[in-house]
Structures are given as structure tokens and as C-alpha cells.
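Trainee: Right, I'll just put the structure down here and ask away after.
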Amino acid sequence: GAVVSQHPSWVICKSGTSVKIECRSLDFQATTMFWYRQFPKQSLMLMATSNEGSKATYEQGVEKDKFLINHASLTLSTLTVTSAHPEDSSFYICSARDRGRHSPLHFGNGTRLTVT
Amino acid sequence: LAKTTQPISMDSYEGQEVNITCSHNNIATNDYITWYQQFPSQGPRFIIQGYKTKVTNEVASLFIPADRKSSTLSLPRVSLSDTAVYYCLVGDPLRGGSYIPTFGRGTSLIVHP
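Residue numbers (this note's numbering), protein chains in the order written: chain A, 10 to 125; chain B, 7 to 119.
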């Protein structure tokens, strides 16, 4: 089945630093990838839609200058949390879907970000 | 964008059948219904997807009535390992850039011994 690999699975960083999270579709091409954030005991909140070769579309309330998304190829999207603060600590999840099909979303295993 | 409503939580016991219903009153003609399972600190995992009537795979069945305004995920003979949060999503993946997969609150299923 389709596999989405997300890296790292967890990261601890100091306040003010930047962290990059990678999301790769391993056995299919993904023209669109989605980035979510999930706080404890809550549902997934969509942050942005990442389209290959174009600028990401951010959901209302998500700062595009803080959460930089790059989708340079059909198999890789990255999310960079810039100048991270403790309130950015969360579980970040990416997903992707096969292009041109009614296929479901395939999710990465998430990245636990802790900002100290 | 079809909004979904599910029970917040459900309890069951090992070996029982569990049915989780999702309401999506404003589902569009081309929308599919997809269910995901999520364990703590993991990404959601695809369970089943359907458009109408009944779909069955090796882990679950999905029942969709004729009006498609709701759907029921059926898990036969649950075990402790089925304890998770279950989400239903409604949308048309072929809608291209306007497909916004939005999660509702999901249903937290707890299976007791």
C-alpha cells in the first residue's frame, strides 16, 4: 500500500530556533500534500495545503511566515517551523494522496515537536 | 464542504460488534465517505471508503443509506487493540485544489476486556 514517511518522529528544540519536518511519499507521486497540527486530546487541524511547484495555501489563522512549506517535488514536502516558541509544541502530521484517483489520504506517522 | 457529526465517545467489550455513525447532511453528489483510525501519537490510518450502499473489507464494513446523509462504520468482534479514535471524512478527492480534507472531532472508542 501507499506509504508516507515523515521525519523526524520527534524533535526537541530551543525557543527561537527553526525546525524542518520532511514528508515523503515513498511509492506514489503526490501533487498535493496536507499539513496538520494536533494538540493533546484534540482533532487534527489543517494548517495548509501544499501543491507541487506552487505556493502553499494556508488556513485562516496560520502564519505563513512562521510555518514555511516547500513542495519542490512530487514526492517531498517540508514544513519549517521558524523561530519556534513553546506554544508551537504540538504533534505535526502530513498526508498525501495519489494524483488523479479517488484514493484516500495516506498519512505520515507524525512529528512530536517540543520547544523548550 | 460537508460537515460531519459523530458521537464523541463509545464503549464496548471485546468480541462485540461496534457501529459508529457519522452524520453528513450536506454531502455533495461527488463526495466520498472515508473513515480513518488514529492511535495516540500516530498518524491516522485508512480503514474504509465508500460512495453508496455497502462496502466491506478485511477489517470493517461501511453502510451508506440511499440518501447518503449518514454512514455507519461497523467493526466486527472488536479487540482491545481497536481502542482508538475514529474519524469520518466527506469530500471529493478529485476536486483538485478545492479538496480540503477537514477532520471533525472523531469518536473515541474504548474497548474493555
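Each residue gets a CB set at the ideal place from its N, CA and C atoms; glycine is no exception.
Being a predicted model, the structure only gives us computed values, none of them experimental.
#1: With I70 of chain B as the anchor, note down where its beta strand (DSSP E) starts and where it stops.
#2: Would you say T108 of chain B lies against chain A (beta-carbon separation less than 7 angstroms)?
#3: Three or more C-beta pairs under 8 angstroms: does that hold for the stretch 73-90 of chain A against the stretch 35-44 of chain A?
#4: Enumerate in chain order the residues of its own chain whose CB-to-CB distance from R46 of chain A is below 6 angstroms, with the five nearest sequence positions on each side excluded.
#5: Spell out whether any CB of chain A is found under 7 angstroms from the CB atom of R111 of chain B.
#6: C28 of chain B: which of B:T89, B:S80 and B:D98 sits nearest, CA to CA?
#7: Any C-beta of chain A sitting closer than 7 angstroms to the C-beta of P46 of chain B?
#8: List the DSSP bridge partners of A34 of chain B.
#9: I need the straight-line Cα distance from I53 of chain B to E64 of chain B, nearest angstrom please.
#10: Would G25 of chain A be called buried (16 or more neighbouring beta carbons within 10 Å of its own) or exposed?
#11: Which one of B:V84, B:L86 and B:A66 has the shortest CA to CA distance from I77 of chain B?
#12: Tell me whether S124 of chain B sits in a helix, a strand or coil according to DSSP, three-state version.
#13: Quick check: V84 of chain B and S18 of chain B, are their CB atoms within less than 7 angstroms of each other?
#14: Please list, in chain order, the residues of the stretch 24-46 of chain B that have any C-beta partner in chain A closer than 7 angstroms.
#15: Going straight from the alpha carbon of K29 of chain A to that of Y57 of chain B, what length do you get?
Mentor: Checking against the coordinates, here is how it stands:
#1: Here residue 70 of chain B refers to the residue found at position 64 when the second sequence is read from its first residue. Residues S67 to I70.
#2: On the second sequence, position 102 is the one that residue 108 of chain B refers to. Yes, contact with chain A.
#3: yes
#4: Locating residue 46 of chain A in the first sequence gives position 37, where the first residue counts as 1. Only M54, M56, S99 and Y101 meet the Cβ criterion.
#5: Along the second sequence, one-based indexing puts residue 111 of chain B at 105. Judged by the 7 angstroms Cβ criterion, R111 of chain B is in contact with chain A.
#6: Residue numbering aside, residue 28 of chain B sits at position 22 when the second sequence is read from its first letter. Comparing Cα-Cα distances from C28 of chain B to each of B:T89, B:S80 and B:D98, the minimum goes to B:S80.
#7: Within the second sequence, the letter at position 40 stands for residue 46 of chain B. Not closer than 7 angstroms to any Cβ of chain A, the Cβ of P46 of chain B fails to qualify, so no.
#8: For the purposes of this step, residue 34 of chain B is identified with residue 28 of the second sequence, where counting begins at 1. In DSSP, A34 of chain B forms no bridge with anything.
#9: In the second sequence, counting from the first residue as 1, residue 53 of chain B sits at position 47. In the second sequence, counting from the first residue as 1, residue 64 of chain B sits at position 58. If I take the Cα positions, the gap works out to 9 angstroms.
#10: Counting from one through the first sequence, the residue named residue 25 of chain A turns up at place 16. By the neighbour-count rule (16 or more Cβ atoms within 10 Å), G25 of chain A is not buried but exposed.
#11: Along the second sequence, one-based indexing puts residue 77 of chain B at 71. Reading off the sequence shown, one finds Ser at residue 77 of chain B, where the question assumed Ile. Of B:V84, B:L86 and B:A66, the residue nearest in Cα terms is B:A66.
#12: There is simply no residue 124 of chain B to check, as chain B begins at 7 and stops at 119 in what is shown.
#13: Within the second sequence, the letter at position 78 stands for residue 84 of chain B. Within the second sequence, the letter at position 12 stands for residue 18 of chain B. Yes, these two residues count as a Cβ contact at 7 angstroms.
#14: Y38 and T40
#15: Within the first sequence, residue 29 of chain A is the residue found at index 20, counting from 1. Within the second sequence, residue 57 of chain B is the residue found at index 51, counting from 1. If I take the Cα positions, the gap works out to 37 angstroms.
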